[in-house]
C-alpha cells in the first residue's frame with residue numbers, strides 16, 4: 005500500500021491515490037483518486053475504513069487469545085482437584101462457560117491496547133503513515149476511529165460487567181465450590 009499527493013497539469017486538483025502505486029498520467033484523472041480539497045469527508049471515510057480494516061481483525065484475534073489464556077489458567081488451577089474428585093467433564097465445561105463473561109471483561113483492555121499498537125505499527129511498516137502525514141492529515145484524525153472504538157468498547161464493557169458478568173461469576177463460583185466440595189469460612 006502506498007499513497008501519494010500530486011497535482012496534474014490538466015487542472016485536476018491535488019489527489020490522494022487510494023493506497024496504490026499506480027501513477028496517473030498528466031492528462032487524465034484516475035477513477036481511483038480521492039479529491040482531498042472538494043470532499044474532505046470522502047478521504048476520511050476511506051482512511052477510517054483502512055484503519056478499521058487493519059484494527060478489527062487483530063482486535064478479535066487478540067481478544068480470543070487472551071480469553072483462551074485466562075480460561076486455560078483457570079482450568080489448570082483446579083485440574084488436579086477436578087480429577088481427584090471425579091468431576092465430569094460436562095460440569096467442568098459449565099464452570100468454564102460461566103467464567104467466559106469474566107474472561108471477556110478481563111481480556112478486553114489488553115486486547116484493545118495490543119490491537120491499536122499493532123494497527124499503528126502495521127501502518128508505519130507499510131509506509132502508509134508517511135503518505136497520510138504527507139497529505140496533511142493529523143495523527144488525531146488518523147486515530148479518531150480507534151479512539152471512538154475504544155470509547156464505545158469501554159462503555160459497553162461497563163454495562164456488560166454490571167448486567168452479565170456479576171451474575172455469571174457468582175454462579176461460576178457457587179458451582180465450582182459445590183463441585184470441589186469447598187466450604188466457606190465464616191471468619
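Numbering (our numbering), first residue to last: 5 to 191. Glycine included, every Cβ here is placed at the ideal spot set by N, Cα and C.
Query, Result
"Counted within 10 angstroms of its Cβ, other Cβ atoms place residue 149 as buried (16 or more) or exposed", "buried"
"At least 3 beta-carbon pairs within less than 8 Å: the segment 117-135 vs the segment 54-71", "yes"
"Assigned secondary structure, residue 66 (DSSP; H/G/I helix, E/B strand, else coil)", "helix"
"Sub-7 Å separation of residue 110 and residue 165 beta-carbons", "no"
"Cβ contact (3+ pairs, closer than 8 Å) linking the segment 73-80 and the segment 95-103", "yes"
"Rounded Cβ spacing between residue 58 and residue 127 (contact assumed at less than 8 Å)", "7 Å"
"Buried versus exposed call for residue 70 [16 or more other C-beta atoms within 10 Å across all chains shown]", "buried"
"CB of residue 67 within 7 Å of CB of residue 135, strictly", "no"
"Alpha helix (DSSP H) segments (min. 4 residues) lying fully within the segment 101-144", "132-138"
"Within 7 Å, strictly: CB atoms of residue 183 and residue 95", "yes"
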